[in-house]
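Engineer: Just passing along the structure, written as structure tokens.
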Amino acid sequence: MKKAFTTLFFLLIICKSFAQTFTVDTLYKTGVINNRINVVILGDGFTEEEMPKFRAEAKKFADFFLSYDPYNHYKGYFNFFSISTPSKESGVTNPGTSPDAYPDQPVGKKNTFYSGTFGSSIHRLVTVNYSVVMNVLSSNFPSYDLAVVLVNTKFYGGSGGSIAVHTLHDQAHLIGVHEIGHTFSALNDEYWAGPGYGWEAPNMTQNSNPSTIKWRNWLNSDNIGIYQHGFSGESETWHKPTSGGCLMEVLLRPFCAVCKEATTEKILFFVNPVEKVEPDAEGVTVVGKPQVFKLHLVNPDPNTLSVDWKLDGQLISKAPKEITLSPENLPEFGTLTATIFDSTAMSRRDNAREQRTWTMEWKLQSESPGVFKVEAAADSICAGFETVLTASGCRGTTSWSTGVLGTSLTVKPTTTTAYIASCNVEGRETTTSEISITVLPLPAATATNTGPYFEGAVIELKANGGVTYEWTGPLNFSAKTEQASIQNAKQANAGAYQVKVTDRYGCVAAAITDVRVDPILAVEKSENNFVRVSPNPAKEYIRIETHLPGESTIVFYNANGQQMLKKAFEGKTQVKLTAGTGLYLFRFKNGASESSGKLIIE
Amino acid sequence: MQCSSAQSVLKVREIPGYGAQVQDHILFLHFKIKDGGEGKNEKVEFLNATSGNGRMKNLAVPVHYPYQIKAVPRYTTSHFEIGITLEHPLFRSVEVASQDGTIAKAEITAREGNLSFRIQEESYMDRIDIYSITPERGEVKIYTLNLKQ
């Protein structure tokens, strides 16, 4: 090496001009450059007069990209900029020499900034002068993370590499998103590109063992499986998570779950969701009065960030943004930590919690540490619930009557219980503090109905035991009253109705009542009848006769399904129905034999 | 850029755009690479360099095509030397997309091409070795760009 070095021909570069600077427009700026993924969009074949069109197209691509899953969940993690580099001529060079050249596209050379051109042998392979792109980026946005060049033509085309290039054709945006899948997420193609193109990537592997394959946590969900790239040669040794179901294989498909996972993890690798903390976490924070500790977070959409606040290792809050600590609630010296975890379901990586956890830490000093005392997040709780007890003012070790050590304790008593915390300071007498947690009984919730009902009847529901009620039931039934009714009952209304009963303390209990709705039966054929009801129509008196031995029962209902008369008899009997004229239904039962019919009272 | 070319040593502080007061610099380096003839190494000509401010996040398109260029920063310290893998400008593999959503690879060769890449400048980086990787010749060093502060 040294020998080679000495034989080199030394010349120093002497540049007489600096690279040109252009207008850098901000399309979306969500945060500082070093904590965002910065996408820079360039345009080729746009003249000075067409700069508004270029900026509109750049924004159009930014919007397309930010609406694409999974980027759409992390819009706030990206900045988008455009650099206006006017071309002398509008459009793009078309050599027109390729066999697949578009017949309706004018052939000709254009003098454009990046010398964009359709391919001479593969027409839709649209390329630009990469060195010119790099020069513009170096002098205008050297710390770009991703770069895209939009070529001013409506004809389809594009190309990949570290700079994505594509035209303004409606489907060409997908080329850019696919290429960024390579550049940003290190994804491999899921189409088989030929021998030599197989390598280990988040979405490609030679391992086909379901228990160890890198996307094992997605198998049998979201259409993820283990698919060979091909069935012969090298292709059969490589595997992918979908077959024709991913943007990395077919441009018209979305990212598969495995590629979304890799992309999400990359986003979270580069961007720290903790933008800023207050107060500054450097040094020691002296707490002399109630002090707000605040996190400025970059929230995903939906917000999947969860926060655990701990004081000296003990959980004290799960507040998403800030907490307030008073000096009297702190030990003389302590450590406050806020642990932020992105619980996104987009990734199922085994070590997700380690990879996606950010911890902020404040060293605290209380100016007036208070006397030793215990407080509860809630000193009255409903049966079955828990609360957190927090001890403060102890300069030593805090222990609880339950045997647990630490400044906070989560309890779930079944009855009203007293808890004692002890403060143990070496060389001093142990001090104690007691707190009683009252356990409120749950309301005695009941739910009833007046059924069973025939179709067309009015279902009447009734609850008891609380001050507010919340009914739910079949056919999306809901009501917030103690009593509820359903007109014109149908069989579909039958089923379980649940009511949540809340008492004056806010405790909640649930009760269920089953509603039965029977169809209005047709009059059965005489050969199926076990009973004879006559006359029919009748006036008041009705004779009932059966040939079946033993006790029989007959029940008469009005048209609303309400029971009007019930009679048990053997052989035959006579009843008087005085409910007025109209149509009545009866149901006869003798052992396992049942029969029903209609009766008219004139 | 109207820079003179043909050089082996680059004075970093004289690179256009290099801000002496700025802590972090990104170097953009441009080379011309020509086919050296059958069985011979490529001919490399250093064209120019520019510098910008800031830090890179080390995002790079993965290159696994058998023809590659590798640029390895060399340090005066025991700093870990991680090479950058780049597309070989004379042997490129490109993706060709179609409107029906299908994608295919196409291989493009050239007799001459430009190699441009960026690299994070470190004060203890004293040179960049450039290697050509081909199935025919394996990994061969084809250029060294020496850096002087």
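So the sequence lines, in the order shown, correspond to chains A and B. Heads up, the final residue of the first sequence is numbered 1127 in my numbering, and it's a clean run with no missing numbers. Heads up, the final residue of the second sequence is numbered 160 in my numbering, and it's a clean run with no missing numbers. Just so you know, even glycine gets a beta-carbon here, dropped at the ideal spot from N, CA and C.
Strictly below 9 Å CB to CB, what residues from chain A border H41(B)?
Structural biologist: Within the second sequence, numbered from 1, the residue matching residue 41(B) stands at position 30. By Cβ distance, chain A contributes S656, M659 and N660.
Engineer: As an exercise, report each continuous alpha helix (DSSP H) stretch of at least 4 residues that is fully enclosed by the stretch 601-676 of chain A, in chain order.
Structural biologist: 655-665
Engineer: Under a Cβ-count criterion, where at least 16 other Cβ atoms within 10 Å of its own Cβ denotes burial, should V809(A) be classed as buried or exposed?
Structural biologist: The sequence position of residue 809(A) within the first sequence is 284, counting from 1. By the neighbour-count rule (16 or more Cβ atoms within 10 Å), V809(A) is not buried but exposed.
Engineer: M773(A) by DSSP, collapsed to three states: which one?
Structural biologist: The residue you call residue 773(A) lines up with position 248 of the first sequence. Three-state DSSP puts M773(A) in coil, outside helix and strand.
Engineer: Who are the near neighbours of M871(A) in its chain, counting only those whose CB is closer than 7 Å to its CB and skipping five residues on each side?
Structural biologist: Locating residue 871(A) in the first sequence gives position 346, counting from the first residue. Excluding residues within five positions, the ones whose Cβ falls inside 7 Å are P595, H598, K785, E786 and T789.
Engineer: Is F866(A) helix, strand or coil by DSSP?
Structural biologist: The residue you call residue 866(A) lines up with position 341 of the first sequence. It is a strand residue.
Engineer: If you run the structure through DSSP and keep just helix, strand and coil, what is Y86(B)?
Structural biologist: Mapped onto the second sequence, residue 86(B) falls at position 75. Of the three classes helix, strand and coil, the one that applies to Y86(B) here is strand, per DSSP.
Engineer: Return the chain-ordered list of same chain residues with a C-beta closer than 7 Å to the C-beta of T1006(A), the five sequence neighbours on each side being excluded.
Structural biologist: For the purposes of this step, residue 1006(A) is identified with residue 481 of the first sequence, where counting begins at 1. Leaving aside the five residues that flank T1006(A) on each side, the residues in its chain whose CB is nearer than 7 Å to its CB run, in chain order, Y994.
Engineer: Run through the stretch 1021-1050 of chain A for me and flag every whole beta strand (DSSP E) of 3 or more residues, listed as ranges in chain order.
Structural biologist: 1033-1040
Engineer: Any beta-carbon of chain E closer than 8 Å to the one on N559(A)?
Structural biologist: No chain E is present in this structure, whose protein chains are A and B.
Engineer: Where does the unbroken beta strand (DSSP E) through R1057(A) begin, and where does it stop?
Structural biologist: Position 532 of the first sequence, counted from the first residue, corresponds to residue 1057(A). In the DSSP assignment, R1057(A) falls within the unbroken beta strand (DSSP E) covering V1056 to S1059.
Engineer: Hey, is H707(A)'s beta-carbon within less than 8 Å of any beta-carbon in chain B?
Structural biologist: On the first sequence, position 182 is the one that residue 707(A) refers to. At least one chain B Cβ lies under 8 Å of H707(A).
Engineer: Quick one: list the residues of chain A neighbouring E98(B), beta-carbon separation under 7 Å, in chain order.
Structural biologist: The residue given as residue 98(B) occupies position 87 in the second sequence. Correct list: G686.
Engineer: Please report the straight-line C-alpha distance between Q1099(A) and E1119(A), rounded to a whole angstrom.
Structural biologist: Translated into positions along the first sequence, residue 1099(A) becomes position 574. Translated into positions along the first sequence, residue 1119(A) becomes position 594. Their backbone Cα atoms lie some 19 Å apart in a straight line.
Engineer: Under the three-state reduction of DSSP, which class applies to E725(A): helix, strand or coil?
Structural biologist: Your numbering for residue 725(A) matches position 200 in the first sequence. Here E725(A) sits in coil by DSSP.
Engineer: Under a three-way DSSP split, which group does F534(A) fall into?
Structural biologist: As a working note, residue 534(A) is residue 9 in the first sequence. Here F534(A) scores only 35 on pLDDT, less than 50, and its place in the model should not be relied on; the value that follows carries that caveat. Of the three classes helix, strand and coil, the one that applies to F534(A) here is coil, per DSSP.
Engineer: Here's a check: name, in chain order, each residue in its chain whose Cβ is nearer than 7 Å to the Cβ of V950(A), leaving out the five neighbours to either side.
Structural biologist: To locate residue 950(A), count along the first sequence from 1; it is residue 425. Cβ-Cβ distances below 7 Å link V950(A) to R920 and G921 in the same chain, with the five nearest sequence neighbours on each side left out; the list follows chain order.
Engineer: Name the one or two DSSP bridge partners that F128(B) has.
Structural biologist: Position 117 of the second sequence holds residue 128(B). F128(B) pairs with L40(B).
Engineer: Hey, could you find the ends of the alpha helix (DSSP H) E900(A) is sitting in?
Structural biologist: Your numbering for residue 900(A) matches position 375 in the first sequence. Here E900(A) belongs to no alpha helix (DSSP H); instead the beta strand (DSSP E) covers K898 to A901.
Engineer: Does the beta carbon of L700(A) sit closer than 8 Å to a beta carbon anywhere in chain B?
Structural biologist: Taking the first sequence and counting its residues from 1, the one referred to as residue 700(A) is at position 175. According to the sequence provided, residue 700(A) is Ile. The question's Leu does not apply to it. So yes, I700(A) belongs to the interface.
Engineer: How is the beta strand (DSSP E) around V55(B) delimited, first residue to last?
Structural biologist: Taking the first residue of the second sequence as position 1, residue 55(B) is located at position 44. V55(B) -> beta strand (DSSP E) spans K54 to N64.
Engineer: If you draw a straight line from the C-alpha of E1127(A) to the C-alpha of I1069(A), how long is it?
Structural biologist: Locating residue 1127(A) in the first sequence gives position 602, where the first residue counts as 1. Locating residue 1069(A) in the first sequence gives position 544, where the first residue counts as 1. So the two alpha carbons sit approximately 18 Å from each other.
Engineer: Secondary structure at V690(A), three-state DSSP: helix, strand or coil?
Structural biologist: Here residue 690(A) corresponds to residue number 165 of the first sequence, with the count starting at 1. It is a strand residue.
Engineer: Let's test the definition: count the other Cβ atoms within 10 Å of the Cβ of W724(A) and tell me whether it reaches 16, buried, or not, exposed.
Structural biologist: Translated into the one-based positions of the first sequence, residue 724(A) becomes position 199. Answer is exposed; the Cβ neighbour count stays below 16.
Engineer: Out of curiosity, what's the CA-to-CA distance linking S961(A) and T997(A)?
Structural biologist: Taking the first sequence and counting its residues from 1, one reaches residue 961(A) at position 436. Taking the first sequence and counting its residues from 1, one reaches residue 997(A) at position 472. Cα to Cα, S961(A) sits roughly 36 Å from T997(A).
Engineer: Within the 8 Å Cβ cut-off, does L591(A) reach chain B?
Structural biologist: Here residue 591(A) refers to the residue found at position 66 when the first sequence is read from its first residue. No, no contact with chain B.
Engineer: Quick one: give me the first and last residue of the alpha helix (DSSP H) that I848(A) is part of.
Structural biologist: Within the first sequence, numbered from 1, the residue matching residue 848(A) stands at position 323. No alpha helix (DSSP H) contains I848(A), which is instead part of the beta strand (DSSP E) from E847 to L850.
Engineer: Whole angstroms are fine: how far does the CA of H36(B) sit from the CA of L822(A)?
Structural biologist: Position 297 of the first sequence, counted from the start, is the residue given in the question as residue 822(A). Position 25 of the second sequence, counted from the start, is the residue given in the question as residue 36(B). Straight-line Cα distance between these residues: approximately 29 Å.
Engineer: Taking E980(A) as the reference, give the member of N1085(A), R881(A), A902(A) and V1080(A) with the closest Cα.
Structural biologist: Position 455 of the first sequence, counted from the start, is the residue given in the question as residue 980(A). Comparing Cα-Cα distances from E980(A) to each of N1085(A), R881(A), A902(A) and V1080(A), the minimum goes to N1085(A).
Engineer: Anyone know if the C-beta pair for N832(A) and I865(A) falls short of 8 Å?
Structural biologist: If you number the first sequence from 1, residue 832(A) lands on position 307. If you number the first sequence from 1, residue 865(A) lands on position 340. The sequence shown places Val at residue 832(A), not Asn. Yes; because the gap between Cβ atoms is below 8 Å, this pair is in contact.
Engineer: Take A583(A) as the anchor and find which of S668(A), V673(A), T622(A) and G1075(A) has the nearest alpha-carbon.
Structural biologist: Numbered from 1 along the first sequence, position 58 holds the residue referred to as residue 583(A). For A583(A), the nearest C-alpha among the options comes from V673(A).
Engineer: I need the DSSP call for W834(A), collapsed to helix, strand or coil.
Structural biologist: Along the first sequence, one-based indexing puts residue 834(A) at 309. Strand, per DSSP.
Engineer: Keeping to the same chain, check which residues put their C-beta closer than 8 Å to that of R878(A); ignore five residues upstream and five downstream.
Structural biologist: To locate residue 878(A), count along the first sequence from 1; it is residue 353. Around R878(A): F866.
Engineer: Between the C-alpha atoms of H99(B) and F42(B), what's the straight-line distance to the nearest angstrom?
Structural biologist: For the purposes of this step, residue 99(B) is taken as residue 88 along the second sequence, with counting starting at 1. For the purposes of this step, residue 42(B) is taken as residue 31 along the second sequence, with counting starting at 1. Answer to the nearest angstrom: the Cα atoms are 12 Å apart.
Engineer: Within the continuous alpha helix (DSSP H) that includes Q880(A), where are the two ends?
Structural biologist: Taking the first sequence and counting its residues from 1, the one referred to as residue 880(A) is at position 355. Element bounds for Q880(A): A877 to Q880.
Engineer: So if DSSP puts V913(A) in a beta bridge, which residue, or which two residues, is it bridged to?
Structural biologist: On the first sequence, position 388 is the one that residue 913(A) refers to. Its beta-bridge partners are T935(A).
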